[in-house]
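When you line the sequence shown up against the working numbering, it's residues 4 to 131, in that order.
All C-beta atoms, glycine included, are put in the ideal place defined by N, C-alpha and C.
Because the structure is a prediction, the values reported are computed rather than measured.
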Amino acid sequence: MGSAIMEDEDKLEIIMEEAAKRGMIFVDSLTTADSKGEEAAEKYGVEYLERTVFIDCPGNVDKVVEQLEKAAEQAKKDGYAIAIGHVGPAGGKTTAEGIKRFAEENEIELTTVGGVASKLKSLRDFSL
């Protein structure tokens with residue numbers, strides 16, 4: 004969403020209110036150190052997750068794979084990691100090719116944000 008919105012409590016409350024109504028998950032891209040995302044999500048009962056790494060690097064598939072390797076290392080420690088990227092000029096074919104190469108070369112589960120949230124929920128329920 005960008006740094007400006009992530010620092011604006013009023014705008015985030017509008018977003019989180021709608022996310023709560025729709026049962027959505029909010030992923031903070033951490034584009035600013037002054038993000039108000041976690042507090043707003045908590046206020047509205049929205050599942051909140053943070054990205055681990057950005058994987059975009061236009062024209063450099065090796066760099067995308069390197070970022071995914073960082074995410075994999077974090078996933079080994081925490082049980083999951085969230086790697087985010089963009090479609091179009093900021094990522095597009097390069098990002099897709101990097102993901103494909105990484106998946107072919109590594110035995111690691113790639114899933115959606117919903118998959119991560121479900122796994123975390125089951126871990127929380129198990130530890131109760």
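query	result
Beta strand (DSSP E) segment containing Val30, residue limits	28-31
Identity of the residue in Lys80, Lys103, Ile8 nearest Thr55 by Cα	Lys80
Span of the alpha helix (DSSP H), counted from its first residue to its last, around Glu220	Residue 220 is absent from the structure shown; the chain starts at 4 and stops at 131.
Cβ contact check for the region 36-50 and the region 9-28: 3 or more pairs under 8 Å	yes
Rounded distance between the beta-carbons of Leu71 and Lys39, thought under 8 Å	That pair is no contact at about 29 Å.
Endpoints, beta strand (DSSP E) assigned at Glu50	50-53
Ile58 (DSSP reduced to helix, strand or coil)	coil
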